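>
Protein chains: 2
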Amino acid sequence: MAKLRYRGGAYRGWQAQPGAPNIQGAVMAALKNLTGDQGPLAAPSRTDAGVHAKGQLACFDLTSSISLNQLFKGLNNELPSDIAVVDLVEVPPDFQVRQNEGKRYIYRIWTAIYSDPFFENTHWWVPGQFDLDKMLHAAPQYLGSHDFCAFRDRCCQGIDTNKSVTRFDITSRQIEAGREIEVTIEGKAFLHKQIRIMVGTLVDIARNRRPANFLDQALNAKAYAAQIGSESVRTGNYRGHAGQTAPAHGLTLDQVFLTPDPFETRELEDWRG
Amino acid sequence: MAKLRYRGGAYRGWQAQPGAPNIQGAVMAALKNLTGDQGPLAAPSRTDAGVHAKGQLACFDLTSSISLNQLFKGLNNELPSDIAVVDLVEVPPDFQVRQNEGKRYIYRIWTAIYSDPFFENTHWWVPGQFDLDKMLHAAPQYLGSHDFCAFRDRCCQGIDTNKSVTRFDITSRQIEAGREIEVTIEGKAFLHKQIRIMVGTLVDIARNRRPANFLDQALNAKAYAAQIGSESVRTGNYRGHAGQTAPAHGLTLDQVFLTPDPFETRELEDWRG
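Right, here's the structure in full:
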């Protein structure tokens, strides 16, 4: 199993798809060039187009015999410079990385009257008025279990829209006349684009584009839609009851939680020498 | 006077030169498009090709009448996304930004067995063996006044090679199995490529490519060259007595010191609204 880090800007996301650069395809090509093997990769999160990863995981089988050190150096040599293998560990053949304990995502915002060149590819630039207090006040409502039917892409095929958010922290720091905001979100599983719609909805509230009670309505979209006679009740599509989708380039898959974590529990290996 | 921030990767440095993208030229073009003026820009540091800036300064005269707010928004609108104006202040017509109190540079190193995609354009990746203690031990020798004749580019035209280094700090933090190192350097003035040669020489020592007393010899290059009968005595070129030049993309011009600093001493202005 490999731990991968990538800047997602040049890719159409994790998922292998013909005719579009994708992370999985790039890793499979590197594996094939190096070992001849290119079994499918199992990953716990299919990051979307433009989304970054600090600790994406990818499981694969190898038939060729190659040391971890050779595999590490060889893969990093084959991969483009915006994708790196940062760690490797052997796992049992029946290891199911999709059965993880959850994930941590970090969403980064830069709110100021200028777009910072060093934040350009990692932060969502939000110019103009921004009421951080409104964002801080509304955010805790996300914690716990909710029907997130309003917080998923219209194309999302998920059947169960009930998800649980176990952490939703906002930290910020003043930089010159602007503010960098980091939103840390953890949960076992998320709907397609759920994180970005959660963040986008909060930003709509911070910018006074939505009233303070908008988040409560969005988290209870089914009841609210019935109450106001929305046509969402007929179509079953509640997306319109939440706010905008935050852009992909602000989002990073920070960590995947495994219990036990094979990277932590492995015996000391000296292959990194 | 504008405070500029830029990622230098796409530019041949600050200095305007025909046929090569450069920071000064990009800012002058933006000024001209916006105001019709494009007087030459006075800057305290001509950053080299590939070098970044967090707080470069640029002074210019305007004949057109335009508010600071319009100028700020207009310039940022005209400039490419890797260059930004982060602040503006009016200064007297005779203001001499070249007569500053000194500059702060930060050089960033990432030493690990993998190249981190998020550090790719801002850190010098140094793989393999790295003895940080040797670097920390040697570094304080740079402090104070020295003849830095060995620490300048062969093309450097500077007449006085005596320079004073007032700060040379190294901080580092462990990240996974690697280490991020930040070197902060301050001084009134530096020779061409002096900072990068200072850092490169330390890294040579940390990698055991040079002995521990190498830095002492390089800082006393004239005496050392005479002692060993080096031909540098005849040519007057002592570059060979210091170590390698660290790559440009790890270097950032962090701040220029002005006393008084017009950005600090200005009366409260509301043009940023």
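Chains as they are written, first to last, in the numbering used here: chain A, 39 to 311; chain B, 39 to 311.
Backbone N, C-alpha and C define an ideal beta-carbon position, used for all residues, glycine too.
Being a predicted model, the structure only gives us computed values, none of them experimental.
#1: Which residues in the same chain as Ala64 of chain A place their Cβ atom closer than 6 Å to its Cβ, once the five residues preceding and following it in sequence are excluded?
#2: Could you tell me whether the stretch 94 to 108 of chain B touches the stretch 117 to 133 of chain A, where touching means 3 or more Cβ pairs closer than 8 Å?
#3: Can you determine whether any heavy atom of the ligand ADP sits closer than 7 Å to the C-beta of Met66 of chain A, and answer yes or no?
#4: I need the DSSP call for Glu218 of chain A, collapsed to helix, strand or coil.
#5: Got a sec: which bits of the stretch 139 to 164 of chain A sit with their beta carbon under 9 Å from any beta carbon on chain B, in order along the chain?
#6: So which residues of chain B does Arg272 of chain A contact, with C-beta pairs closer than 7 Å?
#7: By DSSP, does Gln265 of chain B sit in helix, in strand, or in coil?
#8: Quick one: what's got a C-beta closer than 8 Å to Gly281 of chain B's C-beta in the same chain, skipping five residues either side?
#9: Decide if the stretch 178 to 188 of chain B is in contact with the stretch 203 to 220 of chain B; the criterion is three or more beta carbon pairs, one per stretch, under 8 Å apart.
#10: Residues of chain A with CB closer than 8 Å to the CB of Asn258 of chain B, please, in chain order.
#11: Return no unless some Cβ of chain B is closer than 8 Å to the Cβ of Glu214 of chain A.
#12: Excluding sequence positions up to five away, which residues of its chain have a Cβ less than 8 Å from the Cβ of Ala150 of chain A?
#13: Can you give the Cα-Cα distance for Leu106 of chain B and Gln137 of chain B, rounded to whole angstroms?
#14: Would Arg50 of chain A count as contacting chain B if we go by Cβ distances under 8 Å?
#15: Can you name the start and end residues of the beta strand (DSSP E) that Arg248 of chain B belongs to?
#16: Between which two residues does the alpha helix (DSSP H) harbouring Ser270 of chain A extend?
#17: In chain A, which residues lie with their C-beta within 7 Å of the C-beta of Ala122 of chain B?
#18: If you compare alpha carbons, which of B:Ala177, B:Ile208, B:Met39, B:Asp185 is closest to Leu113 of chain B?
#19: Which residues, in order along the stretch 196 to 214 of chain A, keep a beta-carbon less than 8 Å from a beta-carbon of chain E?
#20: According to the Cβ coordinates, are Glu224 of chain A and Arg142 of chain A closer than 8 Å?
#21: Could you tell me which of A:Gln293, A:Trp309, A:Phe157 sits nearest to Thr222 of chain A, measuring between CA atoms?
#22: Can you look up Glu116 of chain A in the DSSP assignment and give me helix, strand or coil?
#23: Helix or strand or just coil, what does DSSP make of Val129 of chain A?
#24: Out of curiosity, what's the CA-to-CA distance linking Gly288 of chain A and His230 of chain B?
#25: Go ahead and pull the three-state DSSP assignment for Arg146 of chain A.
#26: Less than 8 Å between the CB atoms is what I'm expecting for Ala91 of chain A and Thr290 of chain A, so what's the real figure, rounded?
#27: What is the DSSP secondary structure of Glu302 of chain A, reduced to helix, strand or coil?
In brief:
#1: Correct list, in chain order: Ile121.
#2: Cβ pair count under 8 Å is below three, so no.
#3: Inclusion of the ligand ADP in the displayed structure is not the case, the ligand content being empty and no account of it being possible.
#4: In the structure shown, Glu218 of chain A falls within a strand segment according to DSSP collapsed to helix, strand and coil.
#5: So the close ones are Ala150, Ile151, Tyr152, Ser153, Asp154, Pro155, Phe156, Glu158, Thr160.
#6: For the C-beta of Arg272 of chain A, not a single chain B residue is nearer than 7 Å; the gap to the nearest is close to 44 Å.
#7: Helix.
#8: Correct list, in chain order: Ile235, Gly238, Thr239, Leu240, Val241, Asp242, Ile243, Arg247, Arg248, Phe252, Ala256.
#9: Yes: the two stretches touch, three or more of their Cβ pairs being nearer than 8 Å.
#10: For Asn258 of chain B, there are no neighbours in chain A by C-beta distance under 8 Å, as the nearest C-beta there is about 37 Å away.
#11: Chain B contact via Cβ: present.
#12: Contacts found: Trp163, Pro165, Ile213, Glu214, Ala215, Gly216, Arg217.
#13: Rounded to whole angstroms, the gap between the alpha carbons of Leu106 of chain B and Gln137 of chain B is 24 Å.
#14: With 8 Å as the cut-off, Arg50 of chain A does not count as an interface residue toward chain B.
#15: Counting along the chain, Arg248 of chain B falls outside any beta strand (DSSP E), and DSSP gives it neither H nor E.
#16: Ser270 of chain A -> alpha helix (DSSP H) spans 270 to 273.
#17: Under the 7 Å cutoff, chain A gives Tyr152, Ser153, Asp154, Pro155.
#18: Leu113 of chain B has its Cα closest to that of B:Met39, out of B:Ala177, B:Ile208, B:Met39, B:Asp185.
#19: The structure shown contains no chain E; its protein chains are A and B.
#20: Their beta carbons are under 8 Å apart, which means Glu224 of chain A touches Arg142 of chain A by this criterion.
#21: Comparing C-alpha distances from Thr222 of chain A to each of A:Gln293, A:Trp309, A:Phe157 shows the shortest one belongs to A:Gln293.
#22: DSSP places Glu116 of chain A in helix when its eight states are reduced to three.
#23: In the structure shown, Val129 of chain A sits in coil (DSSP, three-state: anything other than H, G, I, E or B).
#24: So the alpha carbons of these two residues sit roughly 37 Å apart.
#25: If DSSP states are grouped into helix, strand and coil, Arg146 of chain A belongs with the strands.
#26: Yes, Ala91 of chain A and Thr290 of chain A are in contact; Cβ-Cβ is about 6 Å, under 8 Å.
#27: Three-state DSSP puts Glu302 of chain A in a helix.
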